[in-house]
Structure formats: C-alpha cells, structure tokens
Amino acid sequence: MKVGYLGPEGTNSEEASRLYLKKLEGKAELIPYTTIHDVLFAADRGKISEAIVPIENSIEGTIGTVTDMLVKDVDLVIRQELVIPIYHYLIAQKGIRLKEITDVISNPQVLDQCKSYLRKNLPGAKLHLSYSSADAVRQVATSLGERVIAHGRVKGSVFAAIGTEASARLYGLKIIASKINAHDNRTRFVVLAKKDHQRTGHDKTSIVFSIAQDRPGGLHDVLSEFAVRNINLTKIESRPSKKALGDYYFFADMQGHRTDKVIAEALAAIKRQTSFLKLLGSYPRASR
C-alpha cells in the first residue's frame, strides 16, 4: 500500500502520516510529494492508495487549495482525519548560541506564528523566507552550510531556521529553543481516498453545496434542514466558486455518518434545494 503526503521529509505532514501509519494493519510505504496538487492527483489517478494533506489550521484557517480541488479537480473523499498539535523550534548548527544568531529563515506562516518570540529574543535578526520550514532547516544544514566560515557564520551572519523537532534530527542540527509559537496551534489533516470509512458510531460527515440562486433566506432554508433534525453542524464556511463574483460554495461538517437515517434524510432534502451537492465523505471523528 502506498500513502502519499505533502512533503518534504521533516515536516508536520510527515509526522501526521507516520501517526496514521501506526493505525494501519500491515505495512505501507510513505511517499512525499512536493505540492498539494501533486499528491491529490496521484491519489485520484491510482498511483497511490491514499493521500494525507493538511486541510485546516487553528490559526491560519482552512487551506483553500485542498477544498477547491475536492470540489472540482479530483474524485476523492475523506476517509480519516487527524488533529495534531504543531510546535515550532529554533534550530541552528551545533555550537551556535541564541545571542549569536543574526538571521532567521522559515516559511511566512511559521515566521508569523513565532513573531512574538523573535521580537523578544532576536529583535535585530533579519528574516528570510523559504518554501517550507523543512526546507529552511535543510538550507541551514546544507546550502547555507557550504558557505559557512565557522559554526553557521555566513559572511559575518549566523543563520538559524524555525522548523520541526524531526527536521532538526534529520539534518543533525541543534535545537536552540523549543515550542516558540505564540498560540495554541493545531492542524487538522485528512486522509483522502476513493472510498470513505464505514460507520463507527463516532463519526463526522463533510459536504459541499451551492445554492441555486442568490435569494433571501436561501442558506437559511438549507441550514434549517439540519436544525429541525437536531443535527449538530461542527463547521460551515464559504469559498468563492471562482465562476463569478458573489458566487460561493458552502462547506459543512456535521456529526454523524451518511448512513445514519437522520443524516441521509437531511442530505436528500438539501439536494432538492441546491444546485450542487457533493458528499466529501464520512469518517471517524478525531480526538482533539
């Protein structure tokens, strides 16, 4: 069995994938992909059995690329979900001390999530952007390292990266400071496949729909189908359809499985009121 994930190695996506593999019976091969598009298309075309990607972060919100592709580009559904805490680490070459660091590199989201720590502890440090936090750690260990004069000093600068604990181990670097993100940070990952999960009794169902026309009460009428059946919506969010200004898709998560009678009735009623409805899968709810 081949399971693809959003790479590279040393990322939180790899950590989520390895946690998922522990749940699987038998062995599975993990294959990293460079982009979300690559890994989803690989699963859709049967090159891999499942794809693991982040879909929502407690700070940054929904990852629109994933939801947009699930609507229009691939025929995949959610089979599992995992929610893991995200911690950021300040990482440098061995022998470097915090007060020596002059430059910090990571991806924009990570730098933003660690800005309070950086302002307090490295107020004069120059910030540099990378493709991913794992790539930042790789650069400090390799490409930047090729020009290292001594212990991370590059032309008078001392570089550190912000990345994961796993990436520090992968490249043999030193953790200068641990868990430096300012807020509680959790990411929801989903396992995407051609079939969703059988009913467990502790499930969640995800759908996406659009309303036939922009009219007063249109969304209310759809949501009332859940309310009258006492179905708990755990999330609802709109995304531009990219067809026309003001045209939206609505994504909704609810407690229950698509085979539950009350859920099936609600989905049938909603289908009559919408111009588009797609089931994005039923799957076990992750423990938070």
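Numbering (our numbering), first residue to last: 1 to 288.
Virtual Cβ for every residue (Gly too), placed ideally from N, Cα, C.
In this text the structure is predicted, and so the values were computed from the model without any measurement.
{"Item": "Using DSSP with H/G/I as helix, E/B as strand and the rest coil, what is Leu30?", "Value": "strand"}
{"Item": "Given a cut-off of 8 Å, decide if His128 and Asp203 are closer than it, judged by their beta-carbon atoms.", "Value": "no"}
{"Item": "Using the beta-carbon count (16 or more within 10 Å), is Tyr87 buried or exposed?", "Value": "exposed"}
{"Item": "Going along the chain, which residues of its own chain have a beta-carbon closer than 6 Å to the beta-carbon of Ile55, five neighbours each way excluded?", "Value": "Ile63, Val66, Arg188 and Val190"}
{"Item": "Going residue by residue through the region 88 to 164, where are the continuous alpha helix (DSSP H) segments of at least 4 residues, counting only ones entirely within it?", "Value": "108 to 113, 115 to 121 and 133 to 141"}
{"Item": "Going by DSSP in three states, Gln273 sits in which element: helix, strand or coil?", "Value": "helix"}
{"Item": "Mapping DSSP to helix, strand and coil, what is Met254?", "Value": "strand"}
{"Item": "If we ignore side chains and look at the alpha-carbon of each, how far apart do Val158 and Ser178 end up?", "Value": "19 Å"}
{"Item": "Please report the straight-line C-alpha distance between Arg272 and Ile211, rounded to a whole angstrom.", "Value": "10 Å"}
{"Item": "Specify the secondary structure class of Val74 as computed by DSSP and reduced to three states.", "Value": "coil"}
{"Item": "Considering only the alpha carbon of each residue, which of Ser130, Lys174 and Lys194 lies closest to Pro8?", "Value": "Ser130"}
{"Item": "Determine the closest residue to Leu277 out of Ile180, Leu233, Phe209 and Ile236, with distance taken between C-alpha atoms.", "Value": "Phe209"}
{"Item": "Is the beta carbon of Ile84 less than 8 Å from the beta carbon of Arg186?", "Value": "yes"}
{"Item": "Distance, Cα to Cα, Glu14 vs Leu219?", "Value": "38 Å"}
{"Item": "What separation, rounded to the nearest whole angstrom, lies between the Cα atoms of Ser49 and Lys2?", "Value": "6 Å"}
{"Item": "Please list the terminal residues of the continuous beta strand (DSSP E) segment that includes Arg186.", "Value": "Arg186 to Ala193"}
{"Item": "Which of the three DSSP states is assigned to Val295 in this structure?", "Value": "Past the edges of the chain, shown from 1 to 288, lies residue 295, and the structure says nothing about it."}
{"Item": "So who's on the other strand from Pro284, going by DSSP bridges?", "Value": "Asp203"}
{"Item": "Can you say whether Glu29 is buried or exposed, counting buried as having 16 or more other CB atoms within 10 angstroms of its CB?", "Value": "exposed"}
{"Item": "Between Leu192 and Ile78, which are expected to be in contact by the criterion C-beta below 8 Å, what is the C-beta distance as a whole number of angstroms?", "Value": "6 Å"}
{"Item": "Are there 16 or more other CB atoms within 10 angstroms of the CB of Glu146, so buried, or fewer, so exposed?", "Value": "Only weak support is given to the placement of Glu146: the predicted model assigns it a pLDDT of 45, under 50, and the question is left unresolved by the model."}
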